[in-house]
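Peer 1: The structure's right below; bear with me while I get my questions together.
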Amino acid sequence: MRARLLVGESLSDPLPEEEANGARGALKYEHYCQACHGAGGTGDGAVGLKYNPQPMDLTLPYVQNQSDGQLFYTITHGGVVMPSYRFTLSQEDRWRIVRYLRSGLLERAARMAEAAGSEAEGQAAE
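Here it is as structure tokens:
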């Protein structure tokens, strides 16, 4: 944990700002992360539900308050159950996922929560 904090503080996103388009980050998240963390990042992916402990909810303040470097370190080296993606994903794609976790994923989670709330209201009205 100490290494994650120390190294995480010294790492920063090297991608150019004009590459802020999250399409590739979203695609990589869907391919490598969604099975465990779920479409909205809440840790409810079909594969992830089989693990103990279950995958981290990536929308929680605990995750969102981490530095970009800490998130990059976790993606690179893995976690308790999470595998390392050091040799699976390029460094640039790991940074793209970090960017996606900061923006696109939170937007997607909010849309999913809103849709679920609307559906629940519809069922309650029946």
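Under the working numbering, think of the first position of the sequence shown as 15, with each following residue one higher.
Every residue, glycine too, gets a C-beta built ideally from N, C-alpha and C.
#1: Which residue from T88, V95, S117 puts its Cα closest to that of L103?
#2: Pick out whichever of G118, L63, L41 has its Cα sitting closest to the Cα of Q78.
#3: Going by DSSP in three states, S24 sits in which element: helix, strand or coil?
#4: What's the C-alpha gap between L72 and G52?
#5: Do you know how far the Cα of A129 is from the Cα of G93?
#6: Where does S98 fall in DSSP's three states?
#7: Might you give, ordered along the chain, the residues of its own chain that have their beta carbon closer than 7 Å to the beta carbon of D58, omitting 5 neighbours on each side?
#8: Rounded to whole angstroms, what's the CA-CA distance from K64 to P28? Just pull it up for me.
Peer 2: Let me lay it out:
#1: On the sequence shown, position 89 is the one that residue 103 refers to. Comparing Cα positions, the closest option is T88.
#2: Numbered from its first residue, the sequence shown carries residue 78 at position 64. Nearest to Q78 by alpha-carbon distance, out of G118, L63, L41, is G118.
#3: Counted from its first residue, the sequence shown places residue 24 at position 10. S24 sits in a helix when the DSSP states are folded into three classes.
#4: Counting from 1 along the sequence shown, the entry for residue 72 is found at position 58. Counting from 1 along the sequence shown, the entry for residue 52 is found at position 38. Cα-Cα distance, rounded: 9 Å.
#5: Taking the first residue of the sequence shown as position 1, residue 93 is located at position 79. Taking the first residue of the sequence shown as position 1, residue 129 is located at position 115. Distance between the alpha carbons of G93 and A129: 31 Å.
#6: Taking the sequence shown and counting its residues from 1, the one referred to as residue 98 is at position 84. Coil at S98, not helix or strand.
#7: For the purposes of this step, residue 58 is taken as residue 44 along the sequence shown, with counting starting at 1. So the qualifying residues of the chain are G52.
#8: For the purposes of this step, residue 64 is taken as residue 50 along the sequence shown, with counting starting at 1. For the purposes of this step, residue 28 is taken as residue 14 along the sequence shown, with counting starting at 1. Near 35 Å, if we compare the C-alpha coordinates of P28 and K64.
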